[in-house]
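Residues are numbered in the working numbering as their position in the sequence shown, beginning at 1, plus a constant of 1. For glycine and all other residues, C-beta sits at the position ideal for the given N, C-alpha and C. Right, one structure below, let's go through it.
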Amino acid sequence: MRFASMHKKHITNAECRTEFDIWREGSVRRGTISAGVSEFRTHFVVESPESDRDVEMLIRLAKRGCFAEQLVQNAVPLRSTYSVNGRDAQIEL
Numbered sequence: 002m003r004f005a006s007m008h009k010k011h012i013t014n015a016e017c018r019t020e021f022d023i024w025r026e027g028s029v030r031r032g033t034i035s036a037g038v039s040e041f042r043t044h045f046v047v048e049s050p051e052s053d054r055d056v057e058m059l060i061r062l063a064k065r066g067c068f069a070e071q072l073v074q075n076a077v078p079l080r081s082t083y084s085v086n087g088r089d090a091q092i093e094l
């Protein structure tokens with residue numbers, strides 16, 4: 002909705018549904034567990050008095066400006082820190 006107001010366009014309602022396919026393999030007991038996501042899907046429902054062309058432009062801008070969507074599409078380094086019983090810990094994966 003923020004991008005719509007910046008372009009002086011009106012969105013009556015907007016919804017986004019997400020789905021994803023997950024997998025897990027290995028064993029927790031043996032220490033071989035691994036997991037991942039094989040596909041992530043979004044479905045947008047937008048109601049607006051604006052033209053379809055304008056709404057489609059706003060959807061494109063929203064997708065490009067979405068931190069979560071960009072994180073899924075473009076992997077970034079993940080830094081983790083750990084504290085165990087009040088002390089910093091180094092845990093190798």
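* **For A56, the three-state DSSP class (helix, strand or coil)** => The sequence given here has Val at residue 56, not Ala. It is helical.
* What three-state label does DSSP hand V38 in the structure shown? -> strand
* Counting pairs of beta carbons, one from the region 48 to 61 and one from the region 23 to 38, are three or more of them closer than 8 Å? -> Taking 8 Å as the limit for Cβ pairs, the verdict is that the region 23 to 38 does not touch the region 48 to 61.
* If you run the structure through DSSP and keep just helix, strand and coil, what is E20? -> In the displayed model, E20 falls within a strand according to three-state DSSP.
* Asked: Should the region 4 to 11 be called in touch with the region 57 to 76, which here means at least 3 C-beta pairs below 8 Å?
  -> These segments touch.
* Asked: Is the CB-CB distance between S84 and A76 below 8 Å?
  -> no
* So, helix, strand or coil for E93, using DSSP? -> When DSSP states are grouped into helix, strand and coil, E93 belongs to the coil group.
* Rank F21, L94, R65 by C-alpha distance to the C-alpha of L79 and give the top, closest one. => L94
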